[in-house]
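Following: one structure in structure tokens, then a few remarks.
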Amino acid sequence: MAIRLSQGDEGNNPKKLSELGVVMIKGAPIVGLTGGAVCLVSILWAVFGRMDSGFGSLTDSWNYLLGYLGSERFAYAFIWDIVLYSIFQPRLIGENLENVEEDRVGLVNSLGYIPVVGLVAYLLFLKREEELYMVE
């Protein structure tokens, strides 16, 4: 999301997209799916992973997490990162909806309020470089 795809002025001809820009746009769906899969596996592992190996039940894990968040500065800072990300993701996606496929704008705008899910949707439905810029 740090790379902003700007639209050219209406009176100007569109700029040629750099090779790096082409690679980033072509790779956006792969990055979105990979990030979404990693997040999903992490959540599933946190909930169900190693329950049978004597690491405790879901309640034990939840109590450990709450104790850890209350005692470690690193974990506390990570929670603030998540909160700030949740606040700014809808704004960043909302300002770039012109770069999303026209028939998917409503979906991406709605999902933009759900952390990670909105980013995955944005990356999956990003317009291809031919639609954004003139590429030779």
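Note that numbering that gives the first Met the number 0 gives residue 19 to position 20 of the sequence shown, counting from 1, and the numbers run on in steps of one.
Beta carbons: idealized from backbone N, C-alpha and C, even for Gly.
All values reported here derive from a predicted model rather than from experimental measurement.
V30 places its beta carbon 7 Å or farther from that of L123. Taking the CA atoms as reference points, P89 sits about 5 Å from Y112.
The beta carbon of V115 sits closer than 6 Å to those of C38, all from its chain and outside the five residues before and after it, given in chain order.
For F87, the enclosing alpha helix (DSSP H) starts and ends at R72 to G93.
It is roughly 24 Å from the alpha-carbon of V40 to the alpha-carbon of I92.
From the listed residues L32, M23, S60 and L125, the smallest Cα separation to N95 is found for L125. Only residues of its own chain outside the window of five on either side were considered, and among them V99, A120, Y121 and F124 have a CB closer than 6 Å to the CB of V107, listed in chain order. In summary, L32 is exposed, with fewer than 16 beta-carbon neighbours lying within 10 Å of its beta-carbon over all protein chains present.
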